[in-house]
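Worksheet for the structure shown next.
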Amino acid sequence: MTGGPLRARVVINRSNEFSVDVDISIEPGMVAALLGPNGAGKSTTVSAIAGLLPVDEGRIQLGGETLDDPNAEIFVPPERRRIGVVFQDYLLFPHLSVLENIAFGLRSGGTGRGQAAESAREWMTRLGIDGLERRMPGELSGGQAQRVALARALVVEPDLLLLDEPLSALDVTTRVELRRVLAEHLGDFAGPKLLITHDPTEAFLLADMVYVIESGVISQSGTADEIRLRPKTKYAADLAGSNLISGLAEDGHVDVGKFSLSIADHEVSGPVLLTIHPTAVSLHRTKPEGSQRNTWQTSVEVVERLGERVRLRTGGPVPLTVEVTREATDALSLRPGVETWVAVKATEIGVEEE
Amino acid sequence: MTERRVSRRPPVLVLLLGAVGLALFVVPLAGLLWRTPWSDLPRLVTSSIVTDALSLSLVASVSATVISVFVGVPLAWLLARVEFPGRRLVRGLVLLPLVLPPVVGGAALLFALGRRGMVGEPLYELTGLVLPFSTWGVVLATTFVSMPFLVVTVEGALRNLDERYESAAASLGAGRWTVMRRVTLPMIGPSVMAGLALSWARAFGEFGATITFAGNLPGRTQTLPLAVFVALESDRDVAVAISLLMVLVSLAVLIALRERWWKVL
Numbered sequence: 116m117t118g119g120p121l122r123a124r125v126v127i128n129r130s131n132e133f134s135v136d137v138d139i140s141i142e143p144g145m146v147a148a149l150l151g152p153n154g155a156g157k158s159t160t161v162s163a164i165a166g167l168l169p170v171d172e173g174r175i176q177l178g179g180e181t182l183d184d185p186n187a188e189i190f191v192p193p194e195r196r197r198i199g200v201v202f203q204d205y206l207l208f209p210h211l212s213v214l215e216n217i218a219f220g221l222r223s224g225g226t227g228r229g230q231a232a233e234s235a236r237e238w239m240t241r242l243g244i245d246g247l248e249r250r251m252p253g254e255l256s257g258g259q260a261q262r263v264a265l266a267r268a269l270v271v272e273p274d275l276l277l278l279d280e281p282l283s284a285l286d287v288t289t290r291v292e293l294r295r296v297l298a299e300h301l302g303d304f305a306g307p308k309l310l311i312t313h314d315p316t317e318a319f320l321l322a323d324m325v326y327v328i329e330s331g332v333i334s335q336s337g338t339a340d341e342i343r344l345r346p347k348t349k350y351a352a353d354l355a356g357s358n359l360i361s362g363l364a365e366d367g368h369v370d371v372g373k374f375s376l377s378i379a380d381h382e383v384s385g386p387v388l389l390t391i392h393p394t395a396v397s398l399h400r401t402k403p404e405g406s407q408r409n410t411w412q413t414s415v416e417v418v419e420r421l422g423e424r425v426r427l428r429t430g431g432p433v434p435l436t437v438e439v440t441r442e443a444t445d446a447l448s449l450r451p452g453v454e455t456w457v458a459v460k461a462t463e464i465g466v467e468e469e
Numbered sequence: 134m135t136e137r138r139v140s141r142r143p144p145v146l147v148l149l150l151g152a153v154g155l156a157l158f159v160v161p162l163a164g165l166l167w168r169t170p171w172s173d174l175p176r177l178v179t180s181s182i183v184t185d186a187l188s189l190s191l192v193a194s195v196s197a198t199v200i201s202v203f204v205g206v207p208l209a210w211l212l213a214r215v216e217f218p219g220r221r222l223v224r225g226l227v228l229l230p231l232v233l234p235p236v237v238g239g240a241a242l243l244f245a246l247g248r249r250g251m252v253g254e255p256l257y258e259l260t261g262l263v264l265p266f267s268t269w270g271v272v273l274a275t276t277f278v279s280m281p282f283l284v285v286t287v288e289g290a291l292r293n294l295d296e297r298y299e300s301a302a303a304s305l306g307a308g309r310w311t312v313m314r315r316v317t318l319p320m321i322g323p324s325v326m327a328g329l330a331l332s333w334a335r336a337f338g339e340f341g342a343t344i345t346f347a348g349n350l351p352g353r354t355q356t357l358p359l360a361v362f363v364a365l366e367s368d369r370d371v372a373v374a375i376s377l378l379m380v381l382v383s384l385a386v387l388i389a390l391r392e393r394w395w396k397v398l
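Going line by line, the protein sequences match chains A and B.
When we follow the numbering used here, the leftmost residue of the first sequence carries the number 116, and every step to the right adds one.
When we follow the numbering used here, the leftmost residue of the second sequence carries the number 134, and every step to the right adds one.
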């Protein structure tokens, strides 16, 4: 019974102040992200899907099997749900070795010691952590711990993979590397995948579909681009914030499709991820002068008011989300279809090696 | 030139008071060693009064500890994990023997489980079992006094354990018993051992509740502490020998448990 979709409507009423009502649907092989600030109800939703918290209303179905439905009086306890969870901080059992941690699920399911150890070893090889069998979790680096946690969740061949803030325990440098490792291994898993995160970069890069959760409800859902281009709430607009552009760096320039952007870093080369904050972009009626600037001419595609500020979407060669003041919009009479010059300082472009 | 350095010398007053505190432990021990009839020692500790009391003390304290594990750990788990009305009251009742004078505990046991007691009388009529003034009475009185140490330590450890580890185990397909056996108990293991050591030590030295509930019958209910008390009146050399024996047994336990378990306390 592998490969079915996840259909979850989770309603939990904790108190008058806090309740959760979300609807999430993930097809096999797809990665959905549940993206939201702390206290929005992400953990509650995860607990409900994992079976650690029964829903008050709604229904959770995985691959056609109902796991939780208060109306039908169905509740499958967590140990009988085929859901692999990679927990925040990983929660590797500190008293068990790496091999015992990974074999834990199989042993609990009644697999014999030798067979469980063999399967655990296979997964360790697949995730590139062989040789660590006898280490204790306290002796692992963040990256190794993440892979052990992933192996521990995957070895029981679950029908759904839940990843609860899998990168938040890591420092920035490790995070970039492990995001790539994670992306690679997520691709191998055939079932639906749900990534819980408060980091928009993580959600936009890893997920096919993003659910934005605010105050217990889904305020917007769609592909990463849909949310970035047409954020519906202030929170979504803020987190959609930075423009993410991937390209190839060489000698202070990054090729992004038909255009080449100057960056401040002349050392970096190879595939990179560029971030440009919408407020770092300026718009001009005529070609702006000045050194260290990237400029190009394009047209305004979308204009959206956000209080005193205005968010615009510009067209090719490098489509950007731009945030300017209302005065600037009025002065330049920026409307959809109007031609404009875009300027971005090289020093305002964030560069991350991929 | 003055050296800029933080003084490493402790304040004189603290040093003096600390020394007095230490003397309080060392002087009696030294007195015991000074009074020990070393040449006569082998004969004294092998006398039947001493060996009987020693074996009874070991049997009673180990039994009490074993009983404490079987009922005390589940009790600690209930107190730590299950919310029920009156939980604070129950916790208070469990802790009471820690502060209650042991003699009062013994008297209470007598009123409840004595031959004419509330539970003791029907028990006797049904089974013919008489608890007071029997070895079982010693075990019971000892358990009453020592089990709270285990319950308190284990409950504290369960409260400090991150329950998410148990959730992680459940998500990997482990049922409640498997979680308990492979995650919960191993993770609180060091605290359980420390609680065991504390509770055993308290059981080994038990006096008040035992003499009140089980009496002082040599060979049946006379434990080492009771034997010391009696010998002080009759044969001081025996009292010293037994005391030395208890010091040695306690010290052996302390040394065996050092580092590994004491640091969790």
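Each residue gets a CB set at the ideal place from its N, CA and C atoms; glycine is no exception.
Distance, Cα to Cα, residue i vs residue j?
i              : j              : result
residue 364(A) : residue 327(B) : 60 Å
residue 231(A) : residue 142(B) : 59 Å
residue 252(B) : residue 262(B) : 11 Å
residue 152(B) : residue 161(B) : 14 Å
residue 157(A) : residue 351(A) : 15 Å
residue 396(A) : residue 171(A) : 47 Å
residue 398(B) : residue 437(A) : With a pLDDT of 49 at residue 398(B), under the threshold of 50, the modelled position of this residue cannot be trusted; read the value that follows with caution. Spanning the two alpha carbons is a distance of roughly 59 Å.
residue 473(A) : residue 293(B) : Residue numbering for chain A in the displayed model covers 116 to 469; residue 473(A) lies beyond these limits and cannot be assessed.
residue 376(A) : residue 461(A) : 8 Å
residue 249(A) : residue 316(B) : 18 Å
residue 398(A) : residue 348(A) : 24 Å
Taking only beta-carbon positions, decide if residue i is within less than 8 Å of chain A.
i              : result
residue 320(B) : yes
residue 206(B) : no
residue 196(B) : no
residue 305(B) : yes
residue 328(B) : no
residue 188(B) : no
residue 301(B) : yes
residue 325(B) : no
Report, in whole angstroms, the separation of the C-beta atoms of residue i and residue j, which I expect to be a contact under 8 Å.
i              : j              : result
residue 293(A) : residue 276(A) : With 8 Å as the limit, residue 293(A) and residue 276(A) do not qualify as a contact, their Cβ atoms being about 16 Å apart.
residue 334(A) : residue 325(A) : Contact doesn't hold; Cβ gap of about 11 Å is too wide.
residue 316(A) : residue 359(A) : 7 Å
residue 417(A) : residue 451(A) : 6 Å
residue 387(A) : residue 466(A) : 5 Å
residue 321(A) : residue 297(A) : 7 Å
residue 137(A) : residue 146(A) : Their Cβ separation, rounded to whole angstroms, is 17 Å, which puts residue 137(A) and residue 146(A) out of contact at 8 Å.
residue 197(B) : residue 336(B) : 4 Å
residue 376(B) : residue 189(B) : Their Cβ separation, rounded to whole angstroms, is 17 Å, which puts residue 376(B) and residue 189(B) out of contact at 8 Å.
Checking 8 Å against the spacing of the C-beta atoms, do residue i and residue j come in under that value?
i              : j              : result
residue 381(A) : residue 367(A) : yes
residue 337(A) : residue 155(A) : no
residue 457(A) : residue 413(A) : yes
residue 319(A) : residue 343(A) : yes
residue 165(A) : residue 127(A) : no
residue 258(A) : residue 289(A) : yes
residue 140(A) : residue 121(A) : yes
residue 152(A) : residue 313(A) : yes
residue 253(A) : residue 209(A) : yes
residue 193(B) : residue 272(B) : yes
So is residue i in contact with chain B if we call contact Cβ pairs under 8 Å?
i              : result
residue 395(A) : no
residue 271(A) : yes
residue 116(A) : Annotation note: pLDDT 45 at residue 116(A) (below 50); position unreliable, coordinate value reported separately. So, not an interface residue.
residue 123(A) : no
residue 441(A) : no
residue 198(A) : yes
residue 180(A) : no
residue 458(A) : no
residue 219(A) : yes
residue 190(A) : no
residue 185(A) : no
Using the beta-carbon count (16 or more within 10 Å), is residue i buried or exposed?
i              : result
residue 280(A) : buried
residue 308(A) : buried
residue 333(B) : buried
residue 388(B) : exposed
residue 116(A) : Caution is warranted here: a pLDDT of 45 is assigned to residue 116(A), below 50, making its placement in the model unreliable, and no coordinate value can be reported.
residue 195(A) : exposed
residue 367(B) : exposed
residue 172(B) : exposed
Is there a Cβ of chain C sitting closer than 8 Å to that of residue i, yes or no?
i              : result
residue 403(A) : No chain C appears in this structure, whose protein chains are A and B.
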